[in-house]
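Novice: Quick one: structure below, then a few questions.
2 protein chains.
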Amino acid sequence: MAGEAGKARTVLLATEKAFAADAVSKIEAVTSAAGYKLVRLENYKSKDDLLKAVADADAMIIRSDKVDQAVLDKAAKLKIVVRAGAGYDNIDLKATEGKGVVSMNTPGQNANAVAELVFGMMITSARNNYDGTSGFELVNRSIAFYGFGAVARAVHKLAQGFGMKSFAYDPYIPAEKIAEMGATPVATVAGLFEHQYVSLHVPLTAETKASINKELLMKMPKGGTLINTARCEVVHEADMVEVFKARQDFCYLCDVAPDDKAAKEAMTAAVGDKFGKRLIFTAKKMGAQTLEANDNCGVAAANQIVAFFEKGETRFALKA
Amino acid sequence: MAGEAGKARTVLLATEKAFAADAVSKIEAVTSAAGYKLVRLENYKSKDDLLKAVADADAMIIRSDKVDQAVLDKAAKLKIVVRAGAGYDNIDLKATEGKGVVSMNTPGQNANAVAELVFGMMITSARNNYDGTSGFELVNRSIAFYGFGAVARAVHKLAQGFGMKSFAYDPYIPAEKIAEMGATPVATVAGLFEHQYVSLHVPLTAETKASINKELLMKMPKGGTLINTARCEVVHEADMVEVFKARQDFCYLCDVAPDDKAAKEAMTAAVGDKFGKRLIFTAKKMGAQTLEANDNCGVAAANQIVAFFEKGETRFALKA
Chain A
1 MAGEAGKART VLLATEKAFA ADAVSKIEAV TSAAGYKLVR LENYKSKDDL
51 LKAVADADAM IIRSDKVDQA VLDKAAKLKI VVRAGAGYDN IDLKATEGKG
101 VVSMNTPGQN ANAVAELVFG MMITSARNNY DGTSGFELVN RSIAFYGFGA
151 VARAVHKLAQ GFGMKSFAYD PYIPAEKIAE MGATPVATVA GLFEHQYVSL
201 HVPLTAETKA SINKELLMKM PKGGTLINTA RCEVVHEADM VEVFKARQDF
251 CYLCDVAPDD KAAKEAMTAA VGDKFGKRLI FTAKKMGAQT LEANDNCGVA
301 AANQIVAFFE KGETRFALKA
Chain B
1 MAGEAGKART VLLATEKAFA ADAVSKIEAV TSAAGYKLVR LENYKSKDDL
51 LKAVADADAM IIRSDKVDQA VLDKAAKLKI VVRAGAGYDN IDLKATEGKG
101 VVSMNTPGQN ANAVAELVFG MMITSARNNY DGTSGFELVN RSIAFYGFGA
151 VARAVHKLAQ GFGMKSFAYD PYIPAEKIAE MGATPVATVA GLFEHQYVSL
201 HVPLTAETKA SINKELLMKM PKGGTLINTA RCEVVHEADM VEVFKARQDF
251 CYLCDVAPDD KAAKEAMTAA VGDKFGKRLI FTAKKMGAQT LEANDNCGVA
301 AANQIVAFFE KGETRFALKA
């Protein structure tokens, strides 16, 4: 149970697709330091292997591995399962709750991975996809963040390295706190669109859905560029097509094309041969897809397990 | 004459292709502060316009504009001509020398432009040209500089923002000086190739020509990546093709393909469908091609003219 500190524990690392050796070493360093035993079930081929291995586990670290009723039935001692990653569709949360097992994911471990992707797309666009023509530099330009959570702050940190000026609006973070982190607070969403770059870092909600519309985008200064590593649906896609047609200078850099195929095609058609310059879509959502982000998630999972047992921390606990 | 400070001077800004308005304002701010008059001859259509305008000029700022004997014959008062940029083929240096006119270029103004291009190519390669597959991050990785002049130091500065570790070898810069600038000095060229990224910042000389060979490139650790924003010819091109075939992990990011068409085709064929990932060639040499680099050159030209007249500075004077 959480809060029962100082006991010996067995942590099962059950990864059908194993972590890199280096990541496993880092995970083991965390569990060893806590006096826990790490049992590795890596690259296993059948569910039976998992069902056997889970019998002695007090805790489990998984990746895309399925934790369902069958697994839980064999996991007599299990108290916590942590998905090393953001998505957790592979955990049957009703089943874990039913058995009193705490489930967690490891959010925020992909911040730098996304931030580097943002700069790759920004430079690729600013330098005309390396076509040999004259472009511009990022130094001294302005970037405004809609939402100033972990990912936005990682982008902001890189932006400082490039000598850019940062601005941010976040309804849940006080202006003073934003200023402390080195960005200029902006009072309204509309205020963000006075800057050349606007980077979206908001969840998809009823309020944000299709909220980035023509009115906002037409306000942007020369070279106005929207960066979207959040969710496509935050953008009003029909408006976006109109903006592309109305403004030859406008750019949209997006980690993954809209699911809506018609919207994707309309945007692509609107920019013509400027695709890869004015409009960049990644081929699949890939902001979080790096070796390092995966490693970070593994280590975070180990740390969350130790904090759960030793201090009763349940900050990242998931609800069914 | 150089060193005759405090006199009124006329500076002719002769630009067949005008600077951006913002750059002209900055140039004029420099000349005004020195008490000089800036005369603008922009977007002129015939050489006659230039021949007329040059009569009263004590100094000239040019871009790709030709300064030949005909221009000099009309330039009775001219003491100095500065090419706002690096290349200076458009100045007849024998003619200027013959008339006692000092000629200069403005080297080093493109450093940040090149540095940003380097990071664009690095991220594009590390993230598989945005094809949606998992890549890696630059954070904590090592970059080693062959030559540690202005451009290399600008790349180093951005590398620090990305949390990378820098190493450098430069036969003309003492190790202590390199360490002071935040990079770890490396004793030999070969020592550079122990690091994942090696970035070339050397001129093309008898010694450097084709010096980056198979022996060096095969030493590179996993993911070894050569970055070349210097000159293609520094690389041994036949060796490079062999290295591409021998190492599936090796990458080459180069600001412009080799002039040698066969070499370009052999490299491109060796990487197959990994072009844009393992191998990036810009379509034309474009490291210095940004709005900002051009502006910087104009301002540097104005500053060099003022320093020449007021302090006798001739640091960037060119020889025939």
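Read top to bottom, the protein sequences are chains A and B.
First residue of the first sequence: 1, per full-length UniProt numbering; consecutive thereafter.
First residue of the second sequence: 1, per full-length UniProt numbering; consecutive thereafter.
Glycine is no exception: its CB is placed at the ideal position from the N, C-alpha and C atoms.
Taking the CB atoms as reference points, tell me whether residue 142/A and residue 195/A lie closer together than 8 Å.
Specialist: Result yes, Cβ atoms of residue 142/A and residue 195/A sit closer than 8 Å.
Novice: DSSP three-state label for residue 42/A, please.
Specialist: Looking at residue 42/A - three-state DSSP - the assignment turns out to be strand.
Novice: Kindly identify the DSSP beta-bridge partner or partners of residue 185/A.
Specialist: According to DSSP, which records beta bridges pairwise, residue 185/A is partnered with 168/A.
Novice: For residue 318/B, which three-state DSSP category applies?
Specialist: Reduced to three states, the DSSP call for residue 318/B is coil.
Novice: Assuming contact is defined by CB atoms lying nearer than 8 Å, are residue 305/A and residue 114/A in contact in what I supplied?
Specialist: Contact: no.
Novice: Output the boundary residues of the beta strand (DSSP E) element that contains residue 405/B.
Specialist: There is no way to answer for residue 405/B, as the model of chain B reaches only from 1 to 320.
Novice: When DSSP labels each residue in this structure, what does residue 228/B get in the three-state scheme?
Specialist: Correct three-state label for residue 228/B: strand.
Novice: Look at residue 225/B and residue 125/B and say whether their C-beta atoms are less than 8 Å apart.
Specialist: Yes.
Novice: For residue 321/B, would you say it is in contact with chain A, using Cβ-to-Cβ distances shorter than 8 Å as the test?
Specialist: Because chain B here runs from 1 to 320, residue 321/B falls outside it and cannot be looked at.
Novice: So within the region 234-317 of chain A, which uninterrupted alpha helix (DSSP H) runs reach at least 4 residues, ignoring any that extend past its ends?
Specialist: Runs of the alpha helix (DSSP H) inside the region 234-317 of chain A: 237-246, 261-271, 291-311.
Novice: Would you kindly report the start and end of the unbroken beta strand (DSSP E) that includes residue 60/A?
Specialist: It spans 59-62 - the beta strand (DSSP E) in which residue 60/A sits, taken as one unbroken run.
Novice: Sorry if obvious, but does the Cβ on residue 55/B come closer than 7 Å to a heavy atom of the ligand MG?
Specialist: Here there are no bound small molecules, and the ligand MG is not part of this structure.
Novice: If we count the other Cβ atoms within 10 Å of its Cβ and call it buried at 16 or more, is residue 146/B buried or exposed?
Specialist: The residue in question, residue 146/B, is buried, as its Cβ has 16 or more Cβ neighbours within 10 Å.
Novice: Chain A partners of residue 160/B, CB-CB under 9 Å?
Specialist: Ordered by position in chain A, the residues that pass the 9 Å Cβ test against residue 160/B are 161.
Novice: Who are the neighbours of residue 124/B on chain A, taking C-beta pairs under 7 Å?
Specialist: Result: 120, 124.
Novice: Counting pairs of Cβ atoms below 8 Å between the region 80-89 of chain A and the region 213-223 of chain A, do you hit three or more?
Specialist: Contact fails: fewer than three Cβ-Cβ distances are below 8 Å.
Novice: So which residues on chain A does residue 280/B lean against when the C-beta distance must stay under 8 Å?
Specialist: Going along chain A in sequence order, the residues near residue 280/B (Cβ under 8 Å) are 130.
Novice: Mind pulling the chain C residues with CB within less than 7 Å of residue 204/B?
Specialist: This model lacks chain C altogether, as its protein chains are A and B.
Novice: Taking the alpha-carbon positions, what's the residue 91/A to residue 102/A distance?
Specialist: About 11 Å.
Novice: So what's residue 121/B in DSSP terms, helix, strand or just coil?
Specialist: Note: residue 121/B maps to helix in three-state DSSP.
Novice: Which residue wins for smallest C-alpha separation from residue 132/A, given the options 9/B, 265/B, 290/B, 314/B?
Specialist: Taking only the C-alpha atoms, the option nearest residue 132/A is 290/B.
Novice: Taking only three categories from DSSP, how would you classify residue 218/A?
Specialist: Helix.
Novice: What residues from chain A crowd round residue 113/B, counting only those whose CB sits closer than 7 Å?
Specialist: What residue 113/B touches in chain A: 137.
Novice: Buried or exposed, going by whether 16 or more other CB atoms sit within 10 Å of the CB of residue 59/A?
Specialist: Label assigned to residue 59/A: buried.
Novice: Under DSSP, the beta strand (DSSP E) around residue 144/A begins and ends at which residues?
Specialist: Here the beta strand (DSSP E) through residue 144/A covers 142-146.
Novice: With DSSP run on the structure shown, which of helix, strand or coil describes residue 130/B?
Specialist: Note: residue 130/B maps to helix in three-state DSSP.
Novice: With DSSP as the reference, label residue 191/A as helix, strand or coil.
Specialist: It is helical.
Novice: Would you report the Cα separation of residue 218/B and residue 144/B, rounded to the nearest angstrom?
Specialist: Approximately 16 Å between the Cα atoms of the pair.
Novice: Per DSSP, which one or two residues make a beta bridge with residue 135/B?
Specialist: In the DSSP output, where bridge partners are listed per residue, residue 135/B has 290/A.
Novice: Is the separation between the beta-carbon of residue 204/A and that of residue 233/A shorter than 8 Å?
Specialist: Contact flag set, yes.
Novice: Let's test the definition: count the other Cβ atoms within 10 Å of the Cβ of residue 315/A and tell me whether it reaches 16, buried, or not, exposed.
Specialist: Residue 315/A is exposed by the Cβ-count criterion.
Novice: Between residue 223/B and the rest of its own chain, which residues show a CB-CB distance below 7 Å, the 5 nearest in sequence each way excluded?
Specialist: Result list for residue 223/B: 196, 249, in chain order.
Novice: My understanding is that residue 13/B touches residue 51/B, with C-beta atoms under 8 Å, so please give their C-beta distance in whole angstroms.
Specialist: Residue 13/B to residue 51/B, Cβ: 16 Å. No contact.
Novice: Sorted by chain position, which residues of the same chain lie with C-beta nearer than 6 Å to residue 251/B's C-beta, five sequence neighbours on each side aside?
Specialist: These residues qualify, in order along the chain: 125, 225, 278.
Novice: Using the three-state DSSP reduction, which class does residue 1/B fall into: helix, strand or coil?
Specialist: With a pLDDT of 49 at residue 1/B, under the threshold of 50, the modelled position of this residue cannot be trusted; read the value that follows with caution. In the structure shown, residue 1/B sits in coil (DSSP, three-state: anything other than H, G, I, E or B).
Novice: Between which two residues does the beta strand (DSSP E) holding residue 54/B run?
Specialist: No beta strand (DSSP E) contains residue 54/B, which DSSP labels as neither H nor E.
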